[in-house]
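See structure below.
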Amino acid sequence: MSTYPENYRYTKEHEWISAEGETATIGITDHAQQELGDIVYVDLPKIGTKLEKGKTLGSVESVKAVSDVYAPVSGEVMDVNELLSQEPEKLNADPHGAAWLVKIKLAAPDEIKQLLTAADYQTYIGA
Amino acid sequence: MVDFGGWDMPVQYSGIIDEHNAVRQRVGLFDVSHMGEIEIRGPEALNLVNYVSSNNAAKLKTGQAHYSGLLYEHGGFVDDILVHKVEADHFFLCVNASNQEKDYDYISTMNRSFKATVEFASERYAQMAVQGPDGPATLQKLTATDLSAIPYYWFTDGEVAGVPARIAHTGYTGEDGFEIYVAPDEAPRIWSELMDAGQEFGIKPCGLGARNTLRLEAKMALYGHEITASITPLEAGLGWIVKMDKGDFLGREALARQTQAGVTRKLVGFEMRGRGIGRDGYEVYVNGAPAGWVTSGGPSPTLNKNIGLCYLPTAMAETGRTIQIMIRNQPVEAVTVPTPFYKRAK
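Going down the list, the sequences are from chains A and B.
Take 1 as the starting number for the first sequence in the working numbering and just add one per residue.
Take 128 as the starting number for the second sequence in the working numbering and just add one per residue.
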């Protein structure tokens, strides 16, 4: 079984977010990468983009389909994972680690508390 | 798992690319039991088949099969089908899962003036496809029928793993292989035995995802994409399944008119030049103006390129033309190329 880090929070749209003070890292879950299958493109926003909670932040394209990735919380993009433009398949291999998508400066750090815990998320996906 | 015409179908097992490569290089096993079967029997069977379908079933020998179109009067597709001639007065049709009731109703309606026996037989058949260069060797281990004696697009009624099976040298992957039709309650055991038989070759179970990438590389049409009720075989590049000289059939007049007037749009292959994948339904632009639409598109694991098929006006359908595909509101460059994208070495 895959492991869902306890210190991350999750969304029903299968994103994860890991906060440290006023910044946070966002990615897609292991469940999401499994459902998508072989990932061939990852489209990420530019640094400086203002993200709005629940709005599209980018997309992940697998052999079979394109899926939008939604911002779990609001904030401003500080960094994007350049690794994924060269090696999108890393998202299949290490979705909770090396294949993070963006790092953001949180607009409202409290928003994170509204998201699912690791236990809630695993219940939600039936893991 | 996805819901597919009421069936729970695996899109992938080990991964689409992995399964795709297994079929191109070794062997893959597909459960395609969702496909529908319709049996047509009786002295009028041939006449009915030849009236409802566009290819000439009178040319089939017993034990031979062909690809054909089930067409509306206006020339569009009700479905694309495989016609197998079992006996002089018995034809076995393999049809698309999502169209099977519609096909049966359509054929039954047309049968009022023929009085053949039309049976909706889908419940009596499970279907598995053993595809890939090692497909024949895999299946051969489970049958006494000499598979090397069955030419491409011929079939034999024999046994697989000790149970009656229709063994057809057909497929939807562009690779060598067979499709077998068996009684549904025997299917799980035959699946396991095929997996065991193929183990020495590195057989992989394959899902709908790989089936789609494989058929796209081979430019085999998928109903609802390349062919629909509003697309004719002539537009789809399937003129070879239309036999105008065989006598009357549904759609014949419309197709004759279309031939006379000239086909105004054509199915064309493309390769992406820019970053992105042109997918089903995306708009195609030529010289800055909307010109057509993508019917299927995706990565080609064999060619390591992003490929697709689209409809373009005939005047713009030559190969080597630069086109733009609108991917999430951004035009991305592609170029039209000859098809099929992949053809196996014989």
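Don't be surprised by glycine CBs; every beta carbon is placed ideally from N, CA and C.
Checklist line | Three-way DSSP call (helix, strand, coil) for residue 121 of chain A in this model | finding: helix
Item checked: Of the residues B:298, B:293, B:287 and B:348, the one placed nearest residue 319 of chain B, counting alpha carbons only -> B:287
Next item on the list: Return the residues of the region 335-346 of chain B that lie within a Cβ-Cβ distance of less than 8 angstroms from chain A, sorted by chain order.
Entry: 336, 339 and 340
Margin query: So for residue 74 of chain A, helix, strand or coil by DSSP?
Written below: coil
Next item on the list: Can you give me the start and stop residues for the alpha helix (DSSP H) that residue 244 of chain B sits inside?
Entry: Unbroken run through residue 244 of chain B is the beta strand (DSSP E), 244-247; no alpha helix (DSSP H).
Check: In this structure, does DSSP put residue 186 of chain B in helix, strand or coil?
Finding: helix
Note to self: Can you check which of these residues, B:140, B:152 and B:137, is closest to residue 428 of chain B by C-alpha distance?
What the structure shows: B:152
Next item on the list: Could you tell me which chain A residues have their CB closer than 7 angstroms to the CB of residue 426 of chain B, listed as they occur along the chain?
Entry: 40 and 63
Notebook entry, point to check: In three-state DSSP terms, what is residue 251 of chain B?
Noted result: helix
Check: Going along the chain, which residues of the region 41-62 of chain A sit with their C-beta nearer than 9 angstroms to a C-beta in chain B?
Finding: 41, 43, 59, 61 and 62
Next item on the list: Work out the CA separation of residue 237 of chain B and residue 372 of chain B for me, nearest whole Å.
Entry: 21 angstroms
Next item on the list: Report the three-state DSSP secondary structure of residue 41 of chain A (helix, strand or coil).
Entry: strand
Next item on the list: Scan the region 141-167 of chain B for residues whose Cβ lies nearer than 9 angstroms to a Cβ of chain A and list them as they occur along the chain.
Entry: 142, 143, 144, 145 and 147
Check: Should the region 342-356 of chain B be regarded as contacting the region 156-176 of chain B, the criterion being three or more beta carbon pairs within less than 8 angstroms?
Finding: no
Next item on the list: Quick one: residues in its chain with C-beta nearer than 7 angstroms to the C-beta of residue 267 of chain B, no 5 flanking neighbours on either side, listed in chain order?
Entry: 274
Notebook entry, point to check: Just the Cα atoms here: how many angstroms apart are residue 265 of chain B and residue 72 of chain A?
Noted result: 49 angstroms
Check: Which residues mark the beginning and the end of the alpha helix (DSSP H) in which residue 235 of chain B is found?
Finding: 227-237
Next item on the list: Out of B:422, B:165 and B:446, point me to the one whose CA is closest to residue 248 of chain B's CA.
Entry: B:165
Checklist line | Continuous alpha helix (DSSP H) stretch holding residue 143 of chain B: start and end | finding: 143-152
Check: So with Cβ pairs under 8 angstroms, would you call residue 452 of chain B a contact of chain A?
Finding: no
Note to self: My assumption, with CB atoms under 8 angstroms, is that residue 67 of chain A sits in contact with residue 107 of chain A. Please give the rounded CB distance.
What the structure shows: No, residue 67 of chain A and residue 107 of chain A are not in contact; Cβ-Cβ is about 24 angstroms, not under 8 angstroms.
Next item on the list: For residue 130 of chain B, decide whether its Cβ has a neighbour in chain A, counting only Cβ atoms nearer than 8 angstroms.
Entry: Legend: pLDDT at residue 130 of chain B = 43, less than 50; position of this residue unreliable, no value from coordinates given.
Margin query: Using the Cβ count rule (16 or more neighbours within 10 Å means buried), how would you classify residue 132 of chain B?
Written below: Bear in mind that a pLDDT of 45 at residue 132 of chain B, under 50, signals an unreliable position, so the number given afterwards is only what the model happens to contain. Result: exposed.
Check: Which chain B residues are close to residue 37 of chain A, counting only those with a beta carbon under 8 angstroms from its beta carbon?
Finding: 138, 139, 142, 143 and 336
Check: Any chance the region 409-423 of chain B sits against the region 375-386 of chain B, with 3 or more Cβ pairs inside 8 angstroms?
Finding: no
Notebook entry, point to check: residue 346 of chain B to residue 144 of chain B, Cα distance in whole Å?
Noted result: 18 angstroms
Item checked: Exposure of residue 7 of chain A, with buried meaning 16 or more beta-carbon neighbours within 10 Å -> exposed
Notebook entry, point to check: Which residues of chain B have a Cβ atom closer than 9 angstroms to the Cβ of residue 158 of chain A, listed in chain order?
Noted result: The requested residue 158 of chain A is not part of the displayed model; chain A covers only 1 to 127.
Margin query: Less than 8 angstroms between the beta carbons of residue 29 of chain A and residue 88 of chain A, yes or no?
Written below: no
Next item on the list: Within the same chain, show all residues whose beta-carbon is closer than 8 angstroms to that of residue 115 of chain A, passing over the 5 residues directly before and after it, in chain order.
Entry: 9, 10, 11, 17, 72 and 73
Next item on the list: Indicate whether residue 4 of chain A and residue 124 of chain A have their beta-carbon atoms separated by less than 8 angstroms.
Entry: no
Next item on the list: Tell me whether the beta-carbon of residue 398 of chain B lies closer than 8 angstroms to the beta-carbon of residue 459 of chain B.
Entry: no
Next item on the list: State the CB to CB distance for the pair residue 370 of chain B and residue 183 of chain B, rounded to an integer number of angstroms; the pair is presumed to be in contact (CB under 8 angstroms).
Entry: 4 angstroms
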